[in-house]
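Written below as structure tokens is the structure these notes are about.
Numbering (the working numbering), first residue to last: 5 to 199.
As structure tokens, this is what we get:
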């Protein structure tokens, strides 16, 4: 049997050109995969955040203290995926924003609807005033809902970074009560208008 020996002028074989895989490269994760952080990594990140907070004040600390003082939300432990929670927080903000825009639309529509009273009708001025007041009420509630959207978004964002979640109660109860009151007022105006 003939043995092949390597010479400096010989062409390298296929086996010589393939480098053996190291054990490190076998256990490395591909760069395109995203993995969930371990508890130790999360705890390390929390410790780093606490060190940063101990070093100095952040620019929006006063806002955090304000929301923490006047908030009616529960703080729940956040054990789910962080990115999913923050994206859900953004979707909630956008839902509040859509509600705010819808309230403005309803307010403008009511104002315009009450201006369409036929000329010569006795209650034309009364209808216009009622329409303006109901429309203005919807616009004011729209502004309040936009404030709640911002307050809720930033409050939840701060809580999520601390591994907690605020269960909103006050804004939902207040918003529902206000809209219900305006709808009842509209119903009463419509009933009085029919007489």
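Cβ coordinates follow ideal geometry from the N, Cα and C atoms, glycine included.
Residue i and residue j closer than 8 Å at C-beta
i           : j           : result
residue 183 : residue 145 : yes
residue 96  : residue 156 : yes
residue 111 : residue 139 : yes
residue 134 : residue 186 : no
Cβ separation of residue i and residue j, assumed to be a contact under 8 Å, to the nearest whole Å
i           : j           : result
residue 160 : residue 169 : 7 Å
residue 136 : residue 165 : Not quite, the Cβ-Cβ distance comes to about 44 Å (not below 8 Å), so this is no contact.
residue 149 : residue 107 : 6 Å
residue 162 : residue 52  : Residue 162 to residue 52, Cβ: 17 Å. No contact.
residue 99  : residue 118 : Wrong, their Cβ atoms sit about 29 Å apart, outside the cutoff.
beta-carbon residue i near the ligand PLP non-hydrogen atom, thresh 7 Å
i          : result
residue 87 : This structure does not include the ligand PLP; it has no bound ligands of any sort.
Q | Contained beta strand (DSSP E) runs [length at least 3] in the stretch 112 to 183, N- to C-terminal order | A | At a cut-off of 3 residues, the continuous stretches assigned as beta strand (DSSP E) that sit fully inside the stretch 112 to 183 are 168 to 171.
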